[in-house]
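Using this note's numbering, the first residue of the sequence shown is number 854, and each one after it goes up by one. For each residue, glycine too, the CB sits at the ideal point set by N, CA and C. Just so we're clear, the structure is a prediction, and the values are computed from it rather than from any experiment. Note sheet for the following structure.
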Amino acid sequence: MIRDELADLIYRATRKAQKKGSLPKTEIPEVLIERPRRPEHGDYATSLPLKMIADINRELTAAEKPKLTPIQVGKSIVHRAEEVPFVGRMDVAPPGFINITLDAAWLAQRVDVILEEDQKYGAVDLGQGQRVQVEFGSANPTGPMHVGFGRNLVLGDTIANLLDAAGYDVQREYLVNDAGAQMVRFGQSLYVRYCELLDREPPEDSGLQAGEIPEGGYQGEYVAEWAQKIIDRDGDRYLDLPYKEAVERMREVGLEIAMEQVREDCARMNIHYDNWFSERSLYEGGTFDHIMSVLRQGDHLFMADGAVWFHAKGLGGNKDEVIIRSSGQPGYFVSDIAYHYEKFVERDFDWVIDVWGADHQGHVPRMQAMMRALDLDPERLTLYVYQMVTLLESGEQVKLSKRAGTQVDLREVLDDIGPDALRFFLVARAADSQMDLDLDLAREQSDENPVYYVQYGHARIASILRYAREQGHTDEGADVSLLTHPSELRLIRKMLELPEVVALAAENLAPHHLPHYAQELASTFHSFYRDCRVVSSEPDDVEITKARLRLVKATKLVLARTLMLMGITAPERM
């Protein structure tokens, strides 16, 4: 990244100024290169002189020498900076900033570099091949996914895309919660509706009345719909089974239906997992038994009230946690422990990111305690917590499905506004901010709709390139040094920001930077197109037409790369 090269340039210049005696030999802090808010201040700036001035003057006072101002420190650094092709000018501005303007000829050459890098453009090597797992989605497979859960899917997948572009070896995983009491109640609920649809009473040993959903069971309209699916597929064969066996079969068939829907919805949203992990395998494969042994040996368990507890408070947690209930059934937390042991110890991931909803915020201390109990560095586990989603329509909050009168399913919103708009809007705000999804805006086909605006920018570029081909124009042999117009250079500058945006978003797990950058890039292109005619029929304009076509091709590539990182399509026509 040019930002890092500039930081290294300034550091070397500062060290040289110290060696030559124009600055005292103090410690040089990290050189932070930032983008000025005002374009007249250049492309980049650093406040290094201001950060160093106190230490410098302390040394000068001790040596009985005159103090320096930050401006003087900045000028000493700039004076020692070596000439490099990418820097056009360095200035020192009050109260002590070094402003850097990129060289215009060097900028123009970046168009060729971007096109040469092609689908690798924007990639940075922060991760250096570290193995990271992003576990996201993972809704209980007991019903359709709620629209709010779509934010989990979109954030997790976009983070995975970013980390992949940032040089990590990324695995995307979905935990299938196919164990525990919830799945039993799910099977019971399906069985009740199954019997009801076949006009049969539940057996006496079930303890249930006709149409009576067990306590803690699932009441949604979808339960009857799924029960009908089972009848359509398997008929009444489960009526002849003993109650417990019938419930077990209902659970398995219901799980198949739920996961089929999850896979279909994810595919529509351009989300593809590397691994679907069964929670049940933790118990069937021996990981649970091994974890219990590890925790006992570490003296992290105790008995109370007939249950087995994990002593989380002794490891920094805010409260102790039940891991084996008094009924003898494993609690939810022991699955978390076994699952993360499997991730870190058996599969040896360097870093694990769990994407959780805001209702799991309180679980963070116990997860850190779990890591310590397993003798693992808590820093290797990131719990990425996001806030919920509010649907808006006509300025009012939408709480219920128009079709079923219950929760608004993810599938229903996908049918309404489509996967591209859904993904763009759900990633457009920082994860710790409440998300308002305005359905009216998401449907709108105008510049007011940000995803439409960005995709239209890509389609417009594709249209320009098609028109150029029809008129017999290409960018073959283009001389990009002809790109000197301020709007052309502004567009190139904006394209050069993509690697920095990827690095920023990956380092901070902040994918909301992507849609903001995409809008800025589209806006900068539209301004260029307003100011600079791309395809000209004038004989004297042949060379500038080639150069601008090359610039437009590079813009199309960068815009498509940005959309791809968000999992959004880049349409050729709209």
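Contact holds between the region 1013 to 1025 and the region 976 to 990, because three or more Cβ pairs, one in each stretch, are under 8 Å apart. With a cut-off of 8 Å on Cβ pairs, the region 1268 to 1281 is in contact with the region 1415 to 1422, counting three or more such pairs. Note on geometry: alpha-carbon atoms of I1397 and L1335 lie some 6 Å from one another. Sequence-distant partners of L1351 (beyond 5 residues in either direction) whose C-beta falls short of 6 Å from its own C-beta, in its chain, are G975, V1411. If you look at S1188, you'll find it in the alpha helix (DSSP H) that goes 1185 to 1194. Per DSSP, M1145 is one residue of the alpha helix (DSSP H) stretching across 1140 to 1150. Beyond the five residues adjoining it in sequence on each side, A866 comes within less than 6 Å, by CB distance, of I930, R933, A934 in the same chain, given in chain order.
Taking a contact as a CB-CB distance under 8 Å, the pair V1280 and Q1372 does not count as one, their CB atoms being some 12 Å apart. Within its own chain, the residues whose Cβ lies closer than 7 Å to the Cβ of V1106, once the five positions on either side in sequence are excluded, are I1083, listed in chain order. Cβ-Cβ separation between D1031 and P994: approximately 7 Å, consistent with a contact (criterion under 8 Å). In terms of Cβ geometry, H1366 and R1282 do not form a close pair [threshold 9 Å]. Taking the Cβ atoms as the reference, R1426 lies roughly 7 Å from A1315, within the contact range of under 8 Å.
Assignment of L1236 by DSSP, reduced to helix, strand and coil, places it in the strand class. For A898, the enclosing beta strand (DSSP E) covers residues 897 to 899.
Counting C-beta pairs with one atom in each stretch, the region 1000 to 1010 and the region 1035 to 1045 have fewer than three that are closer than 8 Å, which means they do not touch. Counting C-beta pairs with one atom in each stretch, the region 1094 to 1102 and the region 1065 to 1077 have fewer than three that are closer than 8 Å, which means they do not touch. About 7 Å separates the Cβ atoms of V1208 and Y1239, confirming a contact at the 8 Å cut-off.
If you draw a straight line from the Cα of G982 to the Cα of V1175, it is about 38 Å long. The beta carbons of Y897 and L955 sit closer together than 9 Å. The Cβ-Cβ distance between G1069 and R1038 falls below 9 Å. Per DSSP, V1354 is one residue of the alpha helix (DSSP H) stretching across 1351 to 1360. Taking C-beta atoms as the reference points, V985 and I1317 fail to come closer than 9 Å. The beta-carbon distance between G1064 and E1049, rounded to whole angstroms, is 5 Å. This is short enough to meet the 8 Å contact definition.
As a beta-bridge residue in DSSP terms, Y1027 pairs with W1129. In terms of Cα proximity to E1113, the closest of E1329, W1129, L1290 is W1129. For the set T1408, P1424, L1416, the Cα lying nearest the Cα of E970 is the one of T1408.
Counting along the chain, E1101 sits inside the alpha helix (DSSP H) bounded by residues 1096 to 1121. Assignment of E970 by DSSP, reduced to helix, strand and coil, places it in the helix class. Contact annotation, L1290 with T1243: C-beta distance approximately 7 Å; criterion of less than 8 Å satisfied. H1216 carries a helical assignment under DSSP once its states are collapsed to helix, strand and coil.
As the crow flies, the alpha-carbon of I881 is around 12 Å from that of A860. Beta-carbon to beta-carbon, V926 and I953 are separated by about 16 Å, too far to satisfy the 8 Å threshold.
When the alpha-carbon of M1224 is set against those of L1267, K973, L1168, V966, the nearest one is in L1168. For G1003, the enclosing alpha helix (DSSP H) begins and ends at 1003 to 1018. Of the residues S1134, A1160, V1251, the one whose Cα lies closest to the Cα of D1189 is S1134. In the structure shown, N1302 falls within a coil segment according to DSSP collapsed to helix, strand and coil.
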